[in-house]
Amino acid sequence: MAQPMDNVVDQIAQLNAARSLVLGDAAFYPQIVNGILPIVGASTRLELRRWGANFLAETFASPMLGVAQKEQLAPNVLQTIREILELPETDTAVLQSLVQTSASLYPLVFRHVVNHPQDSKSWETMSAIKQDILRRMDSFPCPVKLCCAKFIQRVVQVQTPGLISDPRRPEQNETSLAVVPRNHAVLSIPNLEAESSGLLDRLLGVFQEETSDPLLVNATLNCLAPLIRTRQSIANKIINAVLEFYPAKHVRPPFTPTVRVSVKSMERTARALLINILKKNPNHPLMGRMQVYIERLMQSRLEVTDDASRKRGLPNEPTDGLDNAKRARLNALPPPMLKIPPMAPGPASFDRLFTLTEDTGLSSFDVKQLPIDLVLKIVVPLLSQVQDSTLAQAVDAVRNRYQTITKDQNLQRQQQQRAAAQEEDDDYEPEYQPMDVASVVSEEASAVAAEVADLQPELVSLGPFVLPQPPPLTEEEAGEIGRSAVARVFGMLNAAETSPAPAKGQSQQKLGFARLAGSTFDRDAWSVLLARLATRAPAGLEIDQQAKGDAVRRQTTIADSIRETLYRFILEDFRGRLNIAIIWLNEEWYNDRIQMKSAANQRDGTEEDSEPTVPLNYDTWATRLLDGFLAYLDSRDIKVLVRFLSEVPEITIPITQRVASLAKDPERVNLCVQSLMYLVMFRPPAREMCLNTVEDVYQTYEESRPAAGKVLTKWRPQSTVLEPAASEAPESSETKPVASEP
Amino acid sequence: MAYDPRRTNSGTSTPQPPPPPPPPPETSTQADMASAAQALETSNPANTATDSYKLKFCTVCASNNNRSMEAHLQLSGAPTAFPVISFGTGSLVRLPGPSITQPNVYSFNTTSYNQMYEELSSKDERLYRSNGILNMLDRNRQLKWGPERFQDWVPGVPRVDHLSKGDKGAIGTEGGVVDVIITCEERCWDAVVDDLMNKGTSLNYPVHVFNVDIKDNHEEALTGGKAILDLANRLNEAAVAEHRVHGSEGWENGTGPARQSFDEKVPEILADWQERYPNLPALWTLAWL
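For the record, the sequence lines run as chains A and B.
In terms of full-length UniProt numbering, the first sequence opens at residue 1 and continues consecutively.
In terms of full-length UniProt numbering, the second sequence opens at residue 1 and continues consecutively.
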């Protein structure tokens, strides 16, 4: 302290020269560092201590100085740091630099001790410095505290296991707990890990403080990224701590500008940290939460600043004994009355109708000059800013004007009509009608519009627009287009199939007979549509085609292609799509009836010999379908078969024959007989036909005797085929019980 | 860089008057530059004195040409002659070309302002003179060699050569660290904060990162540069006060706010500053080099 001032100035100048030297060439560092240590040590003047601490911080942070040299320099420097700290040092700048130096030294010393277990003294000194820093951290002035937080981050980073990139080359691995051997003489892994876990909690503690210190929070947030990136084991803990932290909740009113700056900075820094993590690892398991957090931050930031600005505007104390602050806020200011000028004189036009401004410059401006996207960009945000009441006023004003015009013009028209009497012919009407695209426009409106057109032909001079006739399609093209349309409907069918089944069943039950085909957009509706497309739409056309002869017939008609597709569609999954089959066949059958009826009428009416023929589709397709899936039926599909046979509109002999053919397969004999028995019991019109078939089966197939015999004895006891077999029947029925079939 | 080429007279509002470019630009220094240099020289002796503490600054914009360089000029040319370095965060240096789709593109760190100046003046001197690009480049080449990319900066690497090359503001930044980074656009602030996280905070050196939102044109850059200088002066005042309070006069002598450290005062300083410049939205955080 007794050194004269100019002496210190000289010394500093010398030291600066030394610093210039090492900055120019890092090779001088060892020499200089060891040389300056005594000059800047614990007992020297403040200026020198400051310079020294600053220089040490710079030295051990420098990327130019190799790790090995730093390690060599460390022991001496450690001792000096410890001495200065234990002075005890009170100068903020010196403390700040020393803590920075310690943070840089910590990994170096740690690594040194890992490799040189015998050098316990260095570790002891380092630990003493660490304890001193941690103990005094909370009483340190703010700038030093910030550096302490960084020091803790360094310690945590060192004392948490990191990645071992190459176990064979330990010198390449990053300094972390993972490089410490299990049986190390000085370093005990569990202790170090426990310590770092505690320190991490202390570091993350800033996020739980009632009132956040923005500096400490920002400093912490900004140093967490390397920990998250390189220390898997604690990454999620850190991220979760950040995700729990909402800066706006950790500040207290009043919201001074300083507080707002702080909140904004903490929010932006937290966001920057999370974005940094997400950028590094876009598939992070916590990605969803991080994104939600980022969004929430953006929102809360707006709220806080808005709140704050609004609150500042209000008076602090009630002015009339009552707290009218709330009232003032609830009763929103009455919106400014819009000044509506009377409509511009002259013939009424839409632009005059909607012009609410008196500014001639504005009203003469042609908006069409602006490109449409620019207009959109202007109009959309503008609309969102317009007050509801102002908009309402403007709309009312326009409506009033409109009604006035309408009234005037109606009056005018009546007068004209009266004047023009009968020669007035509204020749404009048919012309105008096709233009009137939207039927939404009320009659009155269209009448008025027409009126306007009539009165001001030069204003609304759009003539009727007629699309040019498209070139005629060839038949192939038409067929192609038709088929592609059908394919799209099938697409809908497939899409609708995925819709939940129970809901479908429910709605069907509810509708019952009141159901209209195609009223609900479910699978059934689409299948009805398809079936009708196939049956009704081309009805009658095919007759012509038949008449035209083979040349045309060679191409499949659109109806047949639909049928073919439907057929294939059903066979793909006949159990599930049986109801589509039934819908379809019903439509076919009905269509056949209708066709025959109309053909009969024609014949009656014309009395000519042309004799229109009706192509009947039901039989063909019913048997084809049956053929299609009979082969795949197994003995347990009785429900499928019975449903099909009972719900198709008509049973024909070909159908029963096909059913009978099932009996060829001994396994499906029962299927055959039971489905026939069902028809006999519940389908009286087909009973005789079916009994005949049962007789046939009984006669042809031995295996069917027991079951078929029973049916015959019950329904046709007088059957001639029965007698010779009657004696056998009871015996075989014992061996093959029929009723046990599910 | 998003200059508006339609603002033909924008060049006239840049800090230096626009005389035709001197054929050998080194020989004739422009008026402002001369005064800046004088200020720098006069402040040099003070710099060596122990009590003249100065914060070290870093200015950042997209291309290290307009906004960050204007701020660089203001800070290094101020009476206090702050130590200052400057960077761009873009991937390339982009200067406006003959149309919006034909920018002039250069790479960072390897192209000098002088090269750009020569190239553009040979391409279309009238155009680049009238949109102010040549004036800007001329200013820049008097300040330092060429645009540097922030992401390529390794903090802590000595910048002695910049000092020897005569970069303005190089005195005090030899150590390759700064106390304050000021960006001129939120995008750049995000990039800087993100990049500092990526750099790994290995120096354990705290740095205040500010953003002052400045539109990318000559007038705004000038206004913004002055505002940045104001902010820098306020920050430096607080830092000097801290050094003094905690220095020879003794820690115990100060009371209340006087004992507050520089760091603690930063949010307050920024809030005050923001009240004064409501049109330059600001942002701040405390990061690590």
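Glycine residues also receive a C-beta, built at the ideal position from the N, C-alpha and C atoms.
Please read these numbers as outputs of a predicted model, since none were measured by experiment.
Beta-carbon proximity list for residue i, same chain, < 6 Å, skipping 5 on both sides
i: Ala235 of chain A; result: Ile228
i: Tyr618 of chain A; result: Glu588, Trp589 and Asp592
i: Phe210 of chain B; result: Ile182 and Trp284
i: Asn253 of chain B; result: Note that Asn253 of chain B has pLDDT 45, beneath the 50 cutoff, so the model's placement of it is unreliable and the number below is only indicative. None.
i: Pro434 of chain A; result: Any reading at Pro434 of chain A needs caution, since the residue's pLDDT is 45, under 50, leaving its predicted position unreliable; the model's value is listed next. Here the set comprises Pro464.
i: Val157 of chain B; result: Gly176
i: Ala531 of chain A; result: Ile583, Trp584 and Glu587
i: Thr535 of chain A; result: Glu587, Glu588 and Asn591
i: Met596 of chain A; result: Val614
i: Ser635 of chain A; result: Glu667, Arg668 and Leu671
Proximal residues of chain A, C-beta to C-beta of residue i below 9 Å
i: Val105 of chain B; result: Result: empty, since nearest Cβ-Cβ is about 25 Å, beyond 9 Å.
i: Val154 of chain B; result: Pro63
Other residues of its chain near residue i: CB distance less than 8 Å, five sequence neighbours each side excluded
i: Ile36 of chain A; result: Leu15, Ala18, Gly52 and Phe55
i: Phe82 of chain B; result: Lys54, Leu55, Lys56, Phe57, Leu75, Ser76, Gly169, Gly172, Ala232 and Asn236
i: Cys148 of chain A; result: Val99, Ile133, Leu134, Met137 and Phe140
i: Asn276 of chain A; result: Ala225
Proximal residues of chain B, C-beta to C-beta of residue i below 7 Å
i: Thr287 of chain A; result: It should be pointed out that residue 287 of chain A corresponds to Met in this sequence rather than to Thr. None at all; the shortest Cβ gap to chain B is about 17 Å.
i: Ala272 of chain A; result: Asp190, Val193 and Asp194
i: Leu215 of chain A; result: Asp263, Glu264 and Leu286
i: Thr258 of chain A; result: Pro267, Glu268 and Ala271
i: Ser104 of chain A; result: Asn204
i: Ala219 of chain A; result: Pro206 and Leu286
i: Gln100 of chain A; result: Asn204 and Tyr205
i: Glu58 of chain A; result: Gly175
i: Arg268 of chain A; result: Leu283 and Thr285
Where residue i meets chain B, residues with beta-carbon distance less than 8 Å
i: Cys148 of chain A; result: Per Cβ cutoff of 8 Å: no residues; Cys148 of chain A is ~11 Å from chain B at best.
i: Ser262 of chain A; result: Pro267
i: Gly24 of chain A; result: Pro158 and Val160
Cβ neighbours of residue i in the same chain (closer than 7 Å, five flanking residues each side left out)
i: Thr125 of chain A; result: Leu78, Gln79 and Arg82
i: Glu237 of chain B; result: none
i: Ser363 of chain A; result: Thr355 and Thr357
i: Leu215 of chain A; result: Cys142 and Leu146
i: Ala289 of chain A; result: Before going on, a small fix: residue 289 of chain A reads as Arg here, not Ala. Correct list, in chain order: Leu243.
i: Leu630 of chain A; result: Arg658 and Leu662
i: Val398 of chain A; result: Leu353 and Phe354
Under 8 Å from the C-beta of residue i: neighbouring residues of chain A
i: Asp213 of chain B; result: Result: empty, since nearest Cβ-Cβ is about 13 Å, beyond 8 Å.
i: Thr201 of chain B; result: Lys150, Gln153, Asn222, Cys223, Ala225 and Pro226
i: Gln274 of chain B; result: Pro257 and Val261
i: Gly169 of chain B; result: Per Cβ cutoff of 8 Å: no residues; Gly169 of chain B is ~17 Å from chain A at best.
Under 9 Å from the C-beta of residue i: neighbouring residues of chain B
i: Ile562 of chain A; result: In chain order: nothing, as chain B lies at least about 54 Å away.
i: Asn276 of chain A; result: Val193, Asp194, Met197 and Asn198
Neighbouring residues, chain A, relative to residue i (Cβ below 7 Å)
i: Trp284 of chain B; result: Val261 and Ser265
i: Glu237 of chain B; result: Those do not exist, as Glu237 of chain B stays about 16 Å from chain A at its closest Cβ, beyond 7 Å.
Proximity test, residue i beta-carbon vs the ligand NAD heavy atom, cut-off 7 Å
i: Glu358 of chain A; result: With respect to the ligand NAD, the structure offers nothing, as it holds no ligand at all.
Open item on the list: Using a Cβ distance threshold of 8 Å, determine whether the region 64-74 of chain B contacts the region 139-159 of chain B, with at least three qualifying pairs required.
Closed with: yes
Open item on the list: Any contact between the region 96-116 of chain B and the region 168-188 of chain B? By contact I mean 3 or more CB pairs, one from each, below 8 Å.
Closed with: no
Task: At least 3 beta-carbon pairs within less than 8 Å: the region 73-89 of chain A vs the region 26-40 of chain A - done: yes
Open item on the list: Assess contact between the region 632-645 of chain A and the region 573-584 of chain A, defined as three or more Cβ pairs (one per stretch) separated by less than 8 Å. Is contact present?
Closed with: yes
Open item on the list: I'd like to know if the region 195-205 of chain A and the region 264-276 of chain A are in contact, where contact means that at least 3 CB-CB pairs between them fall below 8 Å.
Closed with: no
TODO: Report the residue ranges of all alpha helix (DSSP H) runs contained in full by the region 52-113 of chain B; include only those spanning at least 4 residues, in chain order.
DONE: 67-77
TODO: Could you name each continuous alpha helix (DSSP H) segment of 4 residues or more that falls completely within the region 161-228 of chain B, going from the start of the chain to the end?
DONE: 186-199
- [ ] Within the region 56-80 of chain A, note down every full beta strand (DSSP E) run reaching 3 residues or more, in order along the chain.
- [x] none
Task: Runs of alpha helix (DSSP H) wholly within the region 647-722 of chain A (minimum 4 residues, chain order) - done: 653-661, 669-682, 687-700 and 705-715
Open item on the list: Using 8 Å as the cut-off, can you tell me whether the region 674-690 of chain A makes contact with the region 704-711 of chain A, which would need three or more C-beta pairs spanning the two stretches below that distance?
Closed with: yes
Task: Contact the region 125-138 of chain A vs the region 164-177 of chain A: 3+ CB pairs below 8 Å - done: no
- [ ] Just list the alpha helix (DSSP H) runs in the region 558-604 of chain A, keeping only unbroken ones of 4 residues or longer that don't cross its boundaries, in chain order.
- [x] 558-572
Open item on the list: At 4 residues or longer, what runs of the alpha helix (DSSP H) sit wholly inside the region 393-419 of chain A?
Closed with: none
Open item on the list: For the structure I just gave you, are there three or more beta carbon pairs, one from the region 199-219 of chain B and one from the region 54-68 of chain A, closer than 8 Å?
Closed with: yes
Open item on the list: For the pair the region 237-252 of chain A and the region 266-284 of chain A, tell me if three or more CB-CB distances fall below 8 Å.
Closed with: yes
- [ ] Scan the region 460-493 of chain A for residues whose Cβ lies nearer than 8 Å to a Cβ of chain B and list them as they occur along the chain.
- [x] none
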